[in-house]
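The sequence shown: position 350 = 1732 (our numbering), numbered continuously.
All C-beta atoms in this analysis are idealised placements derived from N, C-alpha and C, irrespective of residue type, glycine included.
Below you'll find the structure, written out as structure tokens, and then a few comments.
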Amino acid sequence: MSDLIHQIKSLSASYFEEILEIRHYIHANPELSFQEHNTANFIEEKLKSFGIQNIQRIAETGVTFCLEGKEKGKTIALRADIDALPILEANDVPYKSKNEGVMHACGHDVHTSSLLGVAKILSELTDQFKGTIKFIFQPAEEKSPGGASILIKEGILKNPAPSTILGQHVMPLIPEGKVGFRPGKYMASADEVYLTVKGKGGHAAMPENFVDPIAIASQIIVSLQQIVSRMANPKTPSVLSFGKIAGGNVNNVIPDEVKIDGTFRTFDEKWRKEALQKIRDISIAIASSMGGSCEVDIASGYPFLVNDEAYTQRNIEAAKAYMGEENVVELDLWMAAEDFAFYSHEVPGCFYRLGTRNEEKGITSGVHTPTFNIDENALKTGMGLMAFLAVHELNS
1383 MSDLIHQIKS LSASYFEEIL EIRHYIHANP ELSFQEHNTA NFIEEKLKSF GIQNIQRIAE
1443 TGVTFCLEGK EKGKTIALRA DIDALPILEA NDVPYKSKNE GVMHACGHDV HTSSLLGVAK
1503 ILSELTDQFK GTIKFIFQPA EEKSPGGASI LIKEGILKNP APSTILGQHV MPLIPEGKVG
1563 FRPGKYMASA DEVYLTVKGK GGHAAMPENF VDPIAIASQI IVSLQQIVSR MANPKTPSVL
1623 SFGKIAGGNV NNVIPDEVKI DGTFRTFDEK WRKEALQKIR DISIAIASSM GGSCEVDIAS
1683 GYPFLVNDEA YTQRNIEAAK AYMGEENVVE LDLWMAAEDF AFYSHEVPGC FYRLGTRNEE
1743 KGITSGVHTP TFNIDENALK TGMGLMAFLA VHELNS
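Right, here's the structure in full:
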């Protein structure tokens, strides 16, 4: 094992500059979800330059191929997401986004370039493993219904069917040079809640003649919080947050309607379904009791993400061997959502975190912010560790 670790670390170091250039190109040329045509073309070109030929497109902008080992064995999958966010970049770097208002603010450029590095490394080490590695460059992680759900419908987990799937994601809370794992439930489900409260508008001086949707909306928001505080099992984390309220134009006119947008997140699929129904029932009932009405539109999002206990534990031990025990940390539950969750409900999955923080360099901004960036030494860890975890799993 030590020889293999040395080989992979040497290859990661020697390919670092090339993968760094790839990251810079992808970062400078971001594309939004379901629009990653140039990114997909670029990935294909790079793979071909590595000598990889059996490349296929899936869901238009997804890219996949299989790498065969020295003999037959099981199949595993490695996944990276390739889309960007509608954010105006504020970083002053040579590779700043050229597409105004679009930015790789969630690190998908890092995930993609790292997985290309894994492909380059393992294409030279096929004599070191048995079985098959399926590479998945997935579009549209950032936008519902999620590229993962579409790829699954189009057969990404078939022909050949992987026995496990592995994904990594940047984490600006963890220092560069470290990685984080959590067996079991890790990230929350996420559903979008849209309420339209309807009343009867008129002059604010005569409320007795009208039905005030602002008053109704206020009552609905306060009452819905009891779903989490009084109806949820305290042992199951749940969050119901409303981020947008829109209604009315001036201070002395009661509007006809108010719109409320929010999100519900949890870690239990049965409770998720029940809670969403309660949101619907309570909103409609309160509006009706106050003389108005409420239209409820719930956009089903991603399920909760669960890391297979046994597979994740194998990866933890392998990561400790590759990086040193002191550089592998335990993650807490994370209430954000990730469409890798769809894979994790189909096959045993492991979704871990790649440390990218460097306070000395001022690299501390969170994901989904205009100043997000990484300590780029994380690319060595990103491609090297994933390559080792893949070989370790195939040979175990």
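1. Helix, strand or coil for I1437 per DSSP?
2. Taking 8 Å as the CB-CB limit, is S1671 close to chain C?
3. By alpha-carbon positions, which one of H1388, H1486, L1386, L1429 ends up nearest to I1401?
4. Can E1418 and T1446 be called in contact, C-beta distance under 8 Å?
5. Would the beta-carbon of L1577 fall within 8 Å of that of V1484?
6. Going by DSSP in three states, F1724 sits in which element: helix, strand or coil?
7. So Q1550 is in the beta strand (DSSP E); what residue range does that whole segment cover?
8. Would you kindly report the start and end of the unbroken beta strand (DSSP E) that includes L1622?
9. Please name the residue, chosen from Q1510, L1533, G1562, that lies closest to W1716 on a Cα-to-Cα basis.
10. Give me, in chain order, the residues of the same chain whose beta-carbon lies closer than 7 Å to that of G1785; leave out the 5 immediate sequence neighbours on both sides.
11. Within 10 angstroms of its Cβ, does P1616 collect 16 or more other Cβ (buried), or is it exposed?
12. Considering Cα atoms alone, identify which of N1689, L1736, Y1693, V1710 is closest to M1722.
13. D1509: buried (16+ other C-beta within 10 angstroms of its C-beta) or exposed?
14. Please state whether DSSP places T1443 in a helix, a strand or coil.
15. Just list the alpha helix (DSSP H) runs in the stretch 1568-1596, keeping only unbroken ones of 4 residues or longer that don't cross its boundaries, in chain order.
16. So within the stretch 1696-1773, which uninterrupted alpha helix (DSSP H) runs reach at least 4 residues, ignoring any that extend past its ends?
17. Out of T1751, V1729, Y1725, T1763, which one is the CA nearest neighbour of T1738?
18. Hey, M1350 and R1735 are a contact pair by Cβ (cut 8 Å); roughly how many whole angstroms apart?
19. Helix, strand or coil: which one does DSSP assign to E1482?
20. Going by C-alpha to C-alpha distance, which of T1457, Q1550, K1454 sits closest to C1488?
21. Just the C-alpha distance for G1629 and R1654, rounded to the nearest angstrom, thanks.
22. In angstroms with no decimal places, state the Cα-to-Cα distance between E1536 and I1668.
23. Give the straight-line distance between the Cα atoms of L1386 and K1516, rounded to the nearest whole angstrom.
24. At the level of alpha carbons, what is the spacing between K1478 and T1753?
25. Spatial neighbours of I1534 within its chain, please: CB distance less than 8 Å, with the 5 preceding and 5 following residues excluded, ordered by chain position.
26. If you follow the alpha helix (DSSP H) that I1401 is in, where does it begin and where does it stop?
27. Excluding the 5 residues preceding and the 5 following S1605 in the sequence, name in chain order all residues of the same chain whose CB lies nearer than 8 Å to its CB.
28. Measuring CA to CA, which of A1572, K1456, H1406 is closest to P1364?
29. In three-state terms, what does DSSP make of V1500?
30. Consult DSSP for S1526 and reduce its assignment to one of helix, strand or coil.
31. Does the beta-carbon of E1399 have 16 or more other beta-carbons within 10 angstroms, so that it is buried, or is it exposed?
32. Do F1649 and V1575 have their C-beta atoms within less than 8 Å of each other?
33. From V1397 to L1498, what distance separates their C-alpha atoms?
34. How many angstroms separate the CA atom of G1559 from the CA atom of G1744?
35. Quick one, which of G1731, S1495, S1670 has its alpha-carbon nearest Y1693's?
36. Taking the continuous alpha helix (DSSP H) assigned at F1424, which residues delimit it?
Here's the rundown:
1. Position 55 of the sequence shown holds residue 1437. Assigned with DSSP and collapsed to three states, I1437 falls in coil, not helix or strand.
2. No chain C is present in this structure, which holds just one protein chain.
3. Here residue 1401 refers to the residue found at position 19 when the sequence shown is read from its first residue. Checked all of H1388, H1486, L1386, L1429; the closest Cα to I1401 is L1429.
4. Taking the sequence shown and counting its residues from 1, the one referred to as residue 1418 is at position 36. Taking the sequence shown and counting its residues from 1, the one referred to as residue 1446 is at position 64. Cβ atoms of E1418 and T1446: not closer than 8 Å.
5. Mapped onto the sequence shown, residue 1577 falls at position 195. Mapped onto the sequence shown, residue 1484 falls at position 102. Contact check for L1577 against V1484 fails: the beta carbons are separated by 8 Å or more.
6. In the sequence shown, the residue the question calls residue 1724 occupies position 342. Assigned with DSSP and collapsed to three states, F1724 falls in helix.
7. What you label residue 1550 is simply residue 168 of the sequence shown in a count that begins at 1. 1546-1557 is the extent of the beta strand (DSSP E) around Q1550.
8. Translated into the one-based positions of the sequence shown, residue 1622 becomes position 240. For L1622, the enclosing beta strand (DSSP E) stretches over residues 1620-1628.
9. Locating residue 1716 in the sequence shown gives position 334, where the first residue counts as 1. Ranked by Cα distance from W1716, the options Q1510, L1533, G1562 are led by G1562.
10. Here the chain has residues from 1383 to 1778 only, and residue 1785 is not among them.
11. Here residue 1616 refers to the residue found at position 234 when the sequence shown is read from its first residue. Result: exposed.
12. Counting from one through the sequence shown, the residue named residue 1722 turns up at place 340. Per the sequence shown, residue 1722 should be read as Phe rather than Met. With distances taken between Cα atoms, F1722 lies closest to N1689.
13. Working through the sequence shown from its first residue, we reach residue 1509 at position 127. Under the 10 Å beta carbon count, D1509 is surrounded by fewer than 16 other beta carbons and is classified as exposed.
14. As a first step, residue 1443 is located in the sequence shown; it is residue number 61 there, counting from the start. Coil.
15. For the stretch 1568-1596, not a single whole alpha helix (DSSP H) run of length 4 or above is found.
16. Taking 4 residues as the minimum length, the alpha helix (DSSP H) runs contained wholly in the stretch 1696-1773 are 1722-1726, in order along the chain.
17. Here residue 1738 refers to the residue found at position 356 of the sequence shown. If we check each option's Cα against that of T1738, T1763 comes out closest.
18. With the chain covering only 1383 through 1778, there is no way to say anything about residue 1350.
19. The residue you call residue 1482 lines up with position 100 of the sequence shown. Three-state result, E1482: coil.
20. The count along the sequence shown starts at 1 and reaches residue 1488 at position 106. It is Q1550 whose Cα lies nearest to the Cα of C1488.
21. Counting from one through the sequence shown, the residue named residue 1629 turns up at place 247. Counting from one through the sequence shown, the residue named residue 1654 turns up at place 272. Taking the straight line from one Cα to the other gives about 28 Å.
22. Your numbering for residue 1536 matches position 154 in the sequence shown. Your numbering for residue 1668 matches position 286 in the sequence shown. Spanning the two alpha carbons is a distance of roughly 42 Å.
23. On the sequence shown, residue 1386 is found 4 positions in, with the first residue counted as 1. On the sequence shown, residue 1516 is found 134 positions in, with the first residue counted as 1. Distance between the alpha carbons of L1386 and K1516 is about 20 Å.
24. Residue mapping note: residue 1478 aligns to position 96 of the sequence shown, counting from 1. Residue mapping note: residue 1753 aligns to position 371 of the sequence shown, counting from 1. The alpha-carbon atoms of K1478 and T1753 are separated by roughly 10 Å.
25. Translated into positions along the sequence shown, residue 1534 becomes position 152. Contacts found: F1724, Y1725, E1728.
26. Locating residue 1401 in the sequence shown gives position 19, where the first residue counts as 1. Element bounds for I1401: 1384-1410.
27. In the sequence shown, counting from the first residue as 1, residue 1605 sits at position 223. Excluding residues within five positions, the ones whose Cβ falls inside 8 Å are I1664, I1668.
28. A question about residue 1364 goes unanswered here, because the residues of the chain that appear run from 1383 up to 1778.
29. Counted from its first residue, the sequence shown places residue 1500 at position 118. Helix at V1500.
30. For the purposes of this step, residue 1526 is taken as residue 144 along the sequence shown, with counting starting at 1. It is coil, neither helix nor strand.
31. Working through the sequence shown from its first residue, we reach residue 1399 at position 17. Label assigned to E1399: exposed.
32. Locating residue 1649 in the sequence shown gives position 267, counting from the first residue. Locating residue 1575 in the sequence shown gives position 193, counting from the first residue. In this structure, V1575 does not lie closer than 8 Å to F1649 by Cβ.
33. Taking the sequence shown and counting its residues from 1, one reaches residue 1397 at position 15. Taking the sequence shown and counting its residues from 1, one reaches residue 1498 at position 116. A quick correction: the sequence has Tyr, not Val, at residue 1397. Between the C-alpha atoms of Y1397 and L1498 there is a straight-line separation of about 10 Å.
34. Translated into positions along the sequence shown, residue 1559 becomes position 177. Translated into positions along the sequence shown, residue 1744 becomes position 362. G1559 and G1744 have their C-alpha atoms some 16 Å from each other.
35. Within the sequence shown, the letter at position 311 stands for residue 1693. Minimum Cα distance to Y1693 is reached at G1731.
36. Here the question's residue 1424 lines up with position 42 in the sequence shown. Its alpha helix (DSSP H) spans residues 1419-1431.
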